Amino acid sequence: MDKLLDYLKTNWKDLAAGAAAGAAGLFIVLKMTKKIKK
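Spelled out as structure tokens, the structure:
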């Protein structure tokens, strides 16, 4: 458990950036699919 906490402490910025990028990518895909349907 301690190793996991250390990993999160050192890499939380990378994880947050990855999550933000994933959310942004998903949002873009949803917008594009809506445009295609119209």
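Count along the sequence shown from 1, add 278, and you get the number used in my numbering.
Note that CB positions come from ideal geometry on N, CA and C, so glycine has one too.
Predicted model only: the values in this text are computed from it and were never measured.
Residue i versus residue j: straight-line alpha-carbon distance, rounded
{"i": "Lys301", "j": "Leu293", "result": "Note that residue 301 is Ala in the sequence shown, not Lys. Distance between the alpha carbons of Ala301 and Leu293: 12 angstroms."}
{"i": "Thr311", "j": "Phe305", "result": "10 angstroms"}
{"i": "Leu282", "j": "Gly303", "result": "27 angstroms"}
{"i": "Lys315", "j": "Ala295", "result": "30 angstroms"}
Boundaries of the alpha helix (DSSP H) in which residue i is found, first to last residue
{"i": "Met310", "result": "Asp280 to Lys315"}
beta-carbon residue i near the ligand ADP non-hydrogen atom, thresh 7 angstroms
{"i": "Ala301", "result": "For the ligand ADP, the structure offers nothing, since it holds no ligand at all."}
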